[in-house]
Amino acid sequence: MQGATLSGGRGRPSPMRFIVLALIGIAVLTIGILAWFFFGRGSSECSSDYCETSLATIEIPADFEQHSKLFERNPNADPVPDGFDLEVAIPLEVPTTDDRGLSIYGYSTESQIWEPIASIVLNETGELATGRFADPPEYLAVFRRLNEGRQVVAYLNRNDTLHPTAALLATVVHTFDFTPAPDGSLEGQPSPRPATTAVHYPVISASSEIDGSVPNVDNILSTGADRTNHVRQILQRVAAHRLAGIDIAYLDLRADHRTSFTLLISELAEGLHAQGKTLTLTLPAPLKGIDRIDEGAYDWAALGQSADLIKVAPIRDQSTYRLHLPEILEHITAVVDPAKVILTITPYASEKSADGVRSLTLTEAMTVASKLAIRSENMEVGGDIQVVAVNIDRDEGLSGLRWQPETATVAFTYKLNGGRTVWIENMFSAGFKLEFVSVYGLGGLAVEDSSANVFLGNIWTAVEPFVASGQAVLLQPDQDQLLPRWEVTAGNLVGGERGLVTWQTPLEAGSYTVTLTLSDGVERFESRIVLFLESLEDEPVEETP
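In numbering that gives the first Met the number 0, the protein residues as written are 0 to 544.
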């Protein structure tokens, strides 16, 4: 074998058989190593399970340091028997005794990502990395992951239950517990610690969506005395509740509060750090102007000096997300240590209209997309009735449900008060957003709502492999998955893929159900309409004179 050695040995047969197989495994391992040294290097034709390759089309992630050559699975290799592992011993290009972050990674051409498949054991000289796995990947190599310390921040509304995957992956949990009062004190009580090993930092939040909270912050920032009083109130509550830290999420502040807010955070950070506590911030993303990045009320450079972490709040408008975010992140990471910067992704869909952008659950968005109506006056047997999904009817000039490459989301447009666009967040869109975390070397990711709410898009299926491998899964749904599917309890259906279907009704009167099934590429949603067919009335008979 060229570049690796193999052996078997998992499963629990009888004790005697286990011993025999173990001896065979040792023999195979020894022979494999000898074959590599004496035959693999000198032969141009590889007959081993894995063979050295130089396939240039496979990109090595920026977050990884390659420590071995790339090996490809021999298509003629025997399959691994059920209950057994394949053991590989991979030569390292530079010997090392430091195994921190070293693993064997496998690459799948289907998912186009590298995934950890085995931990490694170094030999005494640090020249070979040995690992075992049951499912041989197409390609493998030894990598050292350079950024294993990435944060996974989970936001959680009070009294909500943490998503099971969030409970496993989160390093920080923020519960929305406090708001600033007019006198500078805090309203609210800390939530019980969520069932997770993550640290718990409650949030003090103010925004235009929380009645009266922004004016309260305006008052707090109006004088130095009010500012200092607010800091003292926070420190007292942190100490009284024995909190490990706190998050400040004061959004929608006026630009003229920039200096005062910076001083508030500096004073609060000094007090918290003196107690061994942590201060994190949630800030709105700067705005991309014509010729500059506008930070508004938030001095990122100064705030980055004070805070331990800064989370970039979700950007709702997807029409400019991928256009503006690169410049925004370049600006932020130029003035703040990238390891402190956390990009927040959201499970909420966004709807843009002339009135602005609002958030929708996945279920709400798909309910809009699957709204049904009838475009026929006669509801009689033996005729044709048109049933239409009014908000995705492409014959009316609408987009239908489709993948938007420019926004990397599943989206649709519909007519209501001047027209609206809905962008859906799911595992596909989340993967393309997580790519920014890797590209800009950020300190991690945050999820806006990490609850187990089944009506939200499940973006954790994108977060989980990203946390495991450090790479975003960049996939998109097939357009066929996004097409409407129609069913009816009787009769025939004609057309339907463009959003309008013709129902050729049966000859028997009664109630019938037409069902539309729509998918965002992940989940399926049904919308039903019940129609009652009337019998044809007997034609009147003319009397002959």
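Just so you know, even glycine gets a beta-carbon here, dropped at the ideal spot from N, CA and C.
Query raised in the report: Can you name, in chain order, every residue of its own chain whose Cβ lies under 6 Å from the Cβ of S526, other than the five neighbours on each side?
Result: Working through the sequence shown from its first residue, we reach residue 526 at position 527. Contacts found: S369, L371 and L515.
Query raised in the report: When you compare only the Cα positions, how much space is there between E137 and L271?
Result: As a working note, residue 137 is residue 138 in the sequence shown. As a working note, residue 271 is residue 272 in the sequence shown. If I take the Cα positions, the gap works out to 50 Å.
Requested in this report: Keeping to the same chain, check which residues put their C-beta closer than 6 Å to that of A445; ignore five residues upstream and five downstream.
Outcome: Mapped onto the sequence shown, residue 445 falls at position 446. Contacts found: V152, K310, I341 and T343.
Report task. Below 8 Å on the Cβ atoms is my guess for T160 versus S450; work out the distance and round it to an integer in Å. Result -> Locating residue 160 in the sequence shown gives position 161, counting from the first residue. Locating residue 450 in the sequence shown gives position 451, counting from the first residue. Indeed they touch by this definition, with Cβ atoms about 6 Å apart.
**Report entry** Rounded separation between T29 and E86 - CA only
**Finding:** Position 30 of the sequence shown holds residue 29. Position 87 of the sequence shown holds residue 86. Here the model assigns T29 a pLDDT of 33, short of 50, so the residue's position is not dependable, and the following value carries that caveat. The straight-line gap from Cα to Cα measures roughly 12 Å.
Query raised in the report: Where does S428 sit, in a helix, a strand or coil, going by DSSP?
Result: Taking the first residue of the sequence shown as position 1, residue 428 is located at position 429. Helix, per DSSP.
**Report entry** Burial state of E447 (16 or more Cβ within 10 Å)
**Finding:** The residue labelled residue 447 in the question sits at position 448 within the sequence shown. E447 comes out buried.
Query raised in the report: Between D537 and the rest of its own chain, which residues show a CB-CB distance below 8 Å, the 5 nearest in sequence each way excluded?
Result: Counting from one through the sequence shown, the residue named residue 537 turns up at place 538. For D537, the predicted structure reports a pLDDT of 44, less than 50, and the residue's modelled location is therefore unreliable. A value from the coordinates is still provided. The answer is none, since no qualifying residue turns up.
Query raised in the report: Excluding five sequence neighbours on each side, which residues of the same chain lie with their C-beta closer than 7 Å to the C-beta of H162?
Result: For the purposes of this step, residue 162 is taken as residue 163 along the sequence shown, with counting starting at 1. Hits under 7 Å: S449, S450, A451 and W459.
Query - Residue interval of the alpha helix (DSSP H) (run including L328) - result: Reading the sequence shown from its first residue, position 329 is the one you call residue 328. Element bounds for L328: Q317 to V334.
**Report entry** Three-state class that DSSP yields for G223 in the structure shown
**Finding:** Position 224 of the sequence shown, counted from the first residue, corresponds to residue 223. It is helical.
Query raised in the report: Of all the options V367, T408, L139 and H229, which has the alpha carbon lying nearest to the alpha carbon of S53?
Result: Residue 53 sits at position 54 when you count from the first residue of the sequence shown. Among V367, T408, L139 and H229, the Cα nearest to that of S53 belongs to L139.
Query raised in the report: Could you check where the beta strand (DSSP E) with Q403 kicks off and where it finishes?
Result: Against the sequence shown, residue 403 aligns to sequence position 404. Run containing Q403: R401 to Q403, per the beta strand (DSSP E) assignment.
Query - Inter-residue spacing [alpha-carbon to alpha-carbon] between V438 and T412 - result: The sequence position of residue 438 within the sequence shown is 439, counting from 1. The sequence position of residue 412 within the sequence shown is 413, counting from 1. About 31 Å.
Query raised in the report: How should N75 be labelled, buried or exposed, when 16 other C-beta atoms within 10 angstroms of its C-beta is the threshold for buried?
Result: Translated into the one-based positions of the sequence shown, residue 75 becomes position 76. It counts as exposed.
Query raised in the report: Using DSSP with H/G/I as helix, E/B as strand and the rest coil, what is Q111?
Result: Working through the sequence shown from its first residue, we reach residue 111 at position 112. Reduced to three states, the DSSP call for Q111 is coil.
Report task. Give the DSSP bridge partners of E379, in chain order. Result -> In the sequence shown, residue 379 corresponds to position 380, counting from 1. E533, per the DSSP bridge assignment.
**Report entry** Closest Cα partner of F142 within the set P94, Q304, T124 and S67
**Finding:** Numbered from its first residue, the sequence shown carries residue 142 at position 143. Ranking P94, Q304, T124 and S67 by Cα distance to F142 puts S67 first.
Requested in this report: Could you name the residues of the same chain whose beta carbon sits closer than 6 Å to that of V389, not counting the 5 residues immediately before and after it, in chain order?
Outcome: On the sequence shown, residue 389 is found 390 positions in, with the first residue counted as 1. Closer than 6 Å at the Cβ level, and outside the excluded window around V389, lie K370 and A372.
Query - E486 versus V386 - alpha carbon distance - result: Walking along the sequence shown from the start, residue 486 turns up at place 487. Walking along the sequence shown from the start, residue 386 turns up at place 387. In a straight line, the C-alpha of E486 is about 11 Å away from that of V386.
Report task. Compare the C-alpha of R99 against each of G125, T170 and P78 and name the closest. Result -> Looking up residue 99 in the sequence shown gives position 100. R99 has its Cα closest to that of G125, out of G125, T170 and P78.
Query - Residue from G105, K339, D354 and V93 with nearest C-alpha to A467 - result: Along the sequence shown, one-based indexing puts residue 467 at 468. For the residues G105, K339, D354 and V93, the minimum Cα distance to A467 belongs to G105.
Requested in this report: Specify, as a first and last residue, the run of the alpha helix (DSSP H) that Q304 falls within.
Outcome: Along the sequence shown, read from residue 1 onward, the residue named residue 304 stands at position 305. Run containing Q304: W299 to S305, per the alpha helix (DSSP H) assignment.
Query - C-alpha gap between T4 and T195, whole angstroms - result: Counted from its first residue, the sequence shown places residue 4 at position 5. Counted from its first residue, the sequence shown places residue 195 at position 196. Low per-residue confidence applies at T4: pLDDT is 39, beneath 50, and the placement is therefore not dependable, though the value from the model is reported in the following sentence. Distance between the alpha carbons of T4 and T195: 40 Å.
Report task. Could you check if T222 is buried or exposed, using at least 16 other CB atoms within 10 Å of its CB as the buried criterion? Result -> For the purposes of this step, residue 222 is taken as the residue at position 223 of the sequence shown. Looking at its Cβ environment, which holds fewer than 16 other Cβ atoms inside 10 Å, T222 is exposed.
Query - Own chain, CB closer than 6 Å to R291, minus 5 neighbours either side, in chain order - result: Working through the sequence shown from its first residue, we reach residue 291 at position 292. Excluding positions up to five away in sequence, the list is empty.
Query raised in the report: Can you name the start and end residues of the alpha helix (DSSP H) that S259 belongs to?
Result: Sequence index remark: in the sequence shown, residue 259 carries index 260 (1-based). That run of the alpha helix (DSSP H) goes R257 to A273.
**Report entry** Spatial distance of A273 from P189 (CA atoms)
**Finding:** Here residue 273 refers to the residue found at position 274 of the sequence shown. Here residue 189 refers to the residue found at position 190 of the sequence shown. Roughly 22 Å separates the two Cα atoms.
Query - P90, enclosing alpha helix (DSSP H) - first and last residue - result: Within the sequence shown, numbered from 1, the residue matching residue 90 stands at position 91. Per DSSP, P90 belongs to no alpha helix (DSSP H); it is in the beta strand (DSSP E), L85 to P90.
Query raised in the report: Does the Cβ of R236 have 16 or more other Cβ atoms within 10 Å, making it buried, or fewer, making it exposed?
Result: Translated into the one-based positions of the sequence shown, residue 236 becomes position 237. R236 is buried by the Cβ-count criterion.
Requested in this report: Could you say which of P179, W502 and Q403 lies nearest to V213 if we only look at CA atoms?
Outcome: Against the sequence shown, residue 213 aligns to sequence position 214. Nearest option by C-alpha distance: P179.
Query raised in the report: Measuring CA to CA, which of G443, R374, D354 and A508 is closest to R419?
Result: Here the question's residue 419 lines up with position 420 in the sequence shown. Ranking the options by Cα distance to R419, first place goes to D354.
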